[in-house]
Structure formats: structure tokens, C-alpha cells
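Note sheet for the following structure.
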Amino acid sequence: MSILVIAEHDNSSLKQATLNVVAAAKAIGGDIDVLVAGENCGAVAEAAAKAEGVNKVLVADNAAYGHFLGENLGELVAEVGKGYSHVLAAAGTTGKDFMPRVAALLDVAQVSDIIRVESDDTFVRPIYAGNAIATVKSSDSIKVITVRPTAFDPVAAEGGSASVEQLDVVKDAGLSAFVSEEKAESDRPDLASAGIVISGGRGMQNGDNFKMLESVADLLGAAVGASRAAVDAGFVPNDMQVGQTGKIVAPQLYVAVGISGAIQHLAGMSDSKVIVAINKDEEAPIFQVADYGLVADLFEAVPQLEEELKKVL
Amino acid sequence: MKVLVAVKRVIDYNVKVRVKPDNTGVDLANVKMAMNPFCEIAVEEAVRLKEKGVASEIVVVSIGPKAAQEQIRTALALGADRGIHVETDEEVQSLEAAKLLKAVVEKEEPKLVILGKQSIDSDNNQTGQMLAALTGMGQGTFASEVVVEGDKVNVTREVDGGLMTVSLNLPAVVTTDLRLNEPRYASLPNIMKAKKKPLDNMSPADLGVDVAPRLSTLKVEAPAARQAGVKVADVAELVDKLKNEAKVI
């Protein structure tokens, strides 16, 4: 078996998600090649070559791939991927964008967002936002798979010595062009990949009160999220929403503040390693999933939390 | 400009999902069904494009059992002009859905196809991209803004860590994310009017597509249930437990 892993990167550095995906590839078993497609991405290729367990790094360095446009990456990866039994990428917004194109061009099904490898053709993935876990078997000759990075412990970033090979394949579909980019201004980590998330719900009462959570988040290096109720009430923008119709998170620590724990919120965070709930209603369903529950008025507890954390961090 | 919108009938997002005791799937008997939330956003966007005078006709298509007509009627009540129902009782997977939609695209020749980014049942996030690849169209996935200008569409996309805007040649495929718009509710008069709007019925065979699935589901299980933990007395105890017991801070 031979596995092609598509590197996730920003043209200057390799993202850790790639190491998680290589770990998933190791669980499948076989030779692992990594494809680095980008523009002026030599440093990324060097980093990928050092990753544990990588056999060969293929580099497609061209302006056509500079902004990771799905149309161009789709054609490239379908072309390169033909020679492999498995093609894997992280289930981030880039992988989710181009991988289904790869599958369609190869006329195979895609297995999305796997969280476990059972065998070389059988994989486990959450459906219904994690309310059910499906084991699916692919009968296609090439398995096109996206991997949920948080579900696999990353391979070591150092220690490998893969060969690096430049590819001479330029695929510009001519269908799309990059216009502009707006990176989130926040210094806080991205919600979907943060190690710690602190979220507020309807109990926050207004958007201004989220500043209390932001102060705690900054102490912890955490991302700030919200329940759908808080978004619907207009406290915070929709991109902060954790839940079935928002972002699915699985951090090491999830702190739910003033969140009752509606099904649709639980669906987005119940894979977190440790869950803390702070709510004044001791009957709130969130306490049924929380490892540590504190029945308290959040307007007293959150400032206290900030003070206590300052003492120990 | 003709806009094609694809909608899917799924379990209502407020319903508690239960896995069947025999682990063959999720129990959908007597469960409230509704239009997939991301598809509602797709319909709303098409209706807004029509209200702005950009879209001239909105065709809504759904693939699924007879009852999927309800979701098509809902879309018609929200402002779509006519419906196409590709009726099948089979489980249609993403690649096969994309092939069916490709056949509909070839018949209808829309300038823009809008779909939800994923359905909240299978959570695949594939069909729009696959349709775009099969039809040779560009794709604006996870859209939070869609602006049609001449023969191009600018799509602002919700990507990890921010926003990215791409320009696509028309015809193109757009898949919706949550922030694109807030869907309206259908008014009673419009619900009544929708009953009279045209709705074509066809089968996958009529479209020449084999919908046999490529992936087989071996089992479906409930996720490992979390045990409720302990209540702590105060913030100091909480921080102590997080640091010394859970070791997460």
C-alpha cells in the first residue's frame, strides 16, 4: 500500500495538522509520501521531510497553488494521487474544499473526517454532529479520506529524513482567482484547533460581558466560543458558535459559562477531554457532561477564576 | 440568470438523535424531519439574489423519498419558482448525488448552483465540491458573502482563521456557511401559493445515473457516553482540580 498525504501549510510553515494526518496514515500502514503544493514553499517541504515516518516529499511549487484554490489543487492531487492506494488530507477548510474534487475526478467516494482507522478500507467517522459514530467500508480502488486532526496524536516533527522531489505538474484550471484575504485579528488561537476553549451562553446577558471570558482566555491561551443561544441573541458573531450547526471542537479543556447545554451545543463540544461547566442552575443539562461543575453566578465566578488562574499560571 | 438550489430532507436539528438498538443506523421512525439548515441558507440566498434583480428564476431540486416534496414545497414557499424532485428510496451518497445534480445542471443550465456546505445527518461536506468538479465549474465553498458581477461571482469564504475572497467564472457552484444570511420564515399566503407552483418528478434512472452506494456502513453506534463528573465547591477548588488532577492548565 502507498499513501499520499497532502500537507497543510501556509507556504512558510508546515501546520501541525499534517503530523496528525501522517499519524492516521501510519495507522493504515504502507509507504507514506507527502505532497506539498504551494508557492515558494521550500521551507515547508524541508519540514515535511523531517517528520517521522515519511518516505518521500513531493513538491509542486507554482503560483497556481499559492492560495490553495480547490479547483487547481483538485486537479493536481487527482493526477498525483492516481498512483496511490490512499489519499489523505486534514479535514480543515482547505482539505474539505479540494478533496471532494479529487474524489469526483477519480470517480471514487470520499470518507470524510475520520476519527479512527479500523483497517486499510474501514474507517470510523462521526455523523449527526457526533451524536452517532459510523464504521464505514470503502470498496473503491483509491481511498480518498479527510482526517479529523484532533483524533490522532501527531507523529514527531523531527527525526525523519525523507527525500524531496520536485514535481513538474502545473494544473491551473482557470476557473477561479484569489482576490483577498482577511485573517482574524485576534491573537487568540483558532476556535476549531485551540487546546483550550472558553464559551459563553445566554447567561452572559450581552456581548460586552464576553470581555470577561476574553480576559480568562488570554491567561490560558484559549479561544473564545459561544452557544447558539448567545449568537441568536446577538451577543457575538456567528463564527464563534460551537455546536451542531457551528464549529465542532475537541479541545483538552472546554469551559462552558452560562450555557445550559442544549443538544445542539453538546453535539459540538462533547468530545472535549475535560469539560468544566459554570452555571447558576444546578439542573442545567450541561452538568451531565461536565467533569467539573460549579454551581455559581458567573458574574462572580468568572472574575474569581481570572484571579485564581493568575495565582497558579 | 437562472439559479439552481439543491435542498436535502434531514432530521430536524432540534431532535435528539438516537441510534437504533441493532446498530444499523439512526432511528428515523416518527422523527420530525426538516430542510437541512445549510440548505435553508442556500434558498434564502437565491431568493435575495432574485429580489436584487440578479436572479431571474430559482429552480429548487431535492433528491430523496416521496416525502422530500415537503422540503421542495418549503423552498417554493420561501420564493423558489419551480421544483424538481429526483425521487428514490435508496440511500444516495455524495458522489451519486453530485452525478444526479450534474444531470439536472445539464438540463437546466443554471448560471449559479447554490448548496448547503454539508447536511447535518451524514456530515460529509462533499456534494457541492463534487458537483463542481464533475461539471468543470469553479467553487466558492463555505460562503459568507456572494456578489455577482457580470460573468463572475465573488465569494467570500469562511476559512480556518479568517476569510478569503475568490472570484469565480460563471457558471459556478457556491456552498453556504452559517453567516451568509438569516433565512426568513414562509408566510401563510406564500405557503398556499407554493402548492400551485410546478414540481417535476423524475427518477435517477430518468437521469441515467446509477445510485448504488460505494461506501457501506458496517455499524452505527452511540458515542461513548460521558459520565457526569463532580461538583466543586468554589473557584479555588476548580482551579486546583484543573491543575493537579486533570492537568489541563
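Chains as they are written, first to last, in numbering that gives the first Met the number 0: chain A, 0 to 312; chain B, 0 to 248.
Note that the Cβ used here is the ideal one computed from N, Cα and C, for glycine as well.
What you are looking at is a predicted structure, and each value in this text was computed from that prediction instead of being measured.
Per DSSP, the unbroken beta strand (DSSP E) holding Thr-174/B starts and ends at 171-175. Beta bridge pairing from DSSP links Gln-125/B with no other residue. Assigned with DSSP and collapsed to three states, Gln-240/A falls in strand. For Ile-248/B, the secondary structure class from DSSP, reduced to helix, strand or coil, is coil.
Residue burial annotation: Asp-150/B is exposed, with fewer than 16 other C-beta atoms found within 10 angstroms of its C-beta. Proximity of the stretch 84-91 of chain A to the stretch 56-64 of chain A falls short of the contact definition, fewer than three beta-carbon pairs being nearer than 8 Å. Under the rule that a run must span 3 or more residues, the beta strand (DSSP E) segments found entirely inside the stretch 50-129 of chain B read 56-63, 81-86 and 111-115. When secondary structure is reduced to three states using DSSP, Ala-224/B falls in the coil class, being assigned neither helix nor strand. Following the DSSP letters along the chain, one finds Ser-198/A inside the beta strand (DSSP E) bounded by residues 195-199. A residue is called buried once 16 or more other Cβ atoms fall within 10 Å of its Cβ, and Val-165/B is buried on that count. Nearest CB-CB separation between Lys-136/A and chain B: below the 8 Å threshold. Contact annotation: Phe-286/A and Ala-227/B have beta-carbon atoms nearer than 8 Å. Separation of Thr-175/B and Arg-72/B (C-alpha to C-alpha, rounded to the nearest whole angstrom) is 20 Å. The alpha-carbon of Glu-281/A is positioned some 47 Å away from that of Ala-50/A. Buried is the label assigned to Gln-125/B, since at least 16 other Cβ atoms lie within 10 Å of its Cβ.
Contact with chain B is absent for Lys-210/A, since none of that chain's Cβ atoms lies less than 8 Å from the residue's Cβ.
Burial state of Gln-165/A is exposed, judged by a 10 Å Cβ sphere holding fewer than 16 other Cβ atoms. Exclusion of the five residues before and after Ala-249/A leaves Thr-149, Asp-270 and Ser-271 as the residues of its chain whose Cβ lies within less than 6 Å of its Cβ.
In the three-state scheme derived from DSSP, where H, G and I count as helix and E and B as strand, Leu-187/B is classed as helix. Those residues of the stretch 124-137 of chain B placed with their C-beta closer than 9 Å to a C-beta in chain A are Asn-124, Gln-125, Thr-126, Gly-127, Gln-128, Met-129, Leu-130, Ala-131, Ala-132, Leu-133, Gly-135, Met-136 and Gly-137, ordered along the chain. Within the stretch 235-299 of chain A, the runs of alpha helix (DSSP H) that reach at least 4 residues and sit entirely inside it are, in chain order, 262-268. In this structure, DSSP gives Phe-37/B a helical state, which the three-state scheme calls helix.
The alpha-carbon separation between Ile-40/B and Phe-209/A amounts to approximately 27 Å. In the three-state scheme derived from DSSP, where H, G and I count as helix and E and B as strand, Val-43/A is classed as helix.
Closest by C-alpha distance to Gly-78/B, out of Pro-212/B, Tyr-184/B and Gln-128/B, is Tyr-184/B. For a Cβ distance threshold of 8 Å, residue set Pro-236, Asn-237 and Asp-238 of chain A lies close to Arg-178/B, ordered along the chain. DSSP places Arg-213/B outside both helix and strand once states are collapsed to three, so it counts as coil. Cβ proximity to chain A below 8 Å picks out Met-163, Thr-164, Val-165, Ser-166, Leu-167, Asn-168, Ala-171, Leu-177 and Arg-178 from the stretch 163-187 of chain B. Taking C-alpha positions only, Glu-180/A is separated from Ala-16/A by approximately 21 Å. Around the beta-carbon of Thr-93/A, 16 or more other beta-carbon atoms lie within 10 Å, marking it buried.
The C-alpha of Gln-303/A is placed about 58 Å away from the C-alpha of Lys-101/B. Asn-19/A: member of the alpha helix (DSSP H) spanning 15-27, first to last residue. Thr-121/A is bridged by DSSP to Lys-136/A.
The stretch 147-161 of chain A and the stretch 114-132 of chain B do not touch, with fewer than 3 CB-CB distances between them shorter than 8 Å. In the DSSP assignment, Thr-145/A forms a beta bridge with Ala-88/A. DSSP, read as helix, strand or coil, puts Val-154/A in coil.
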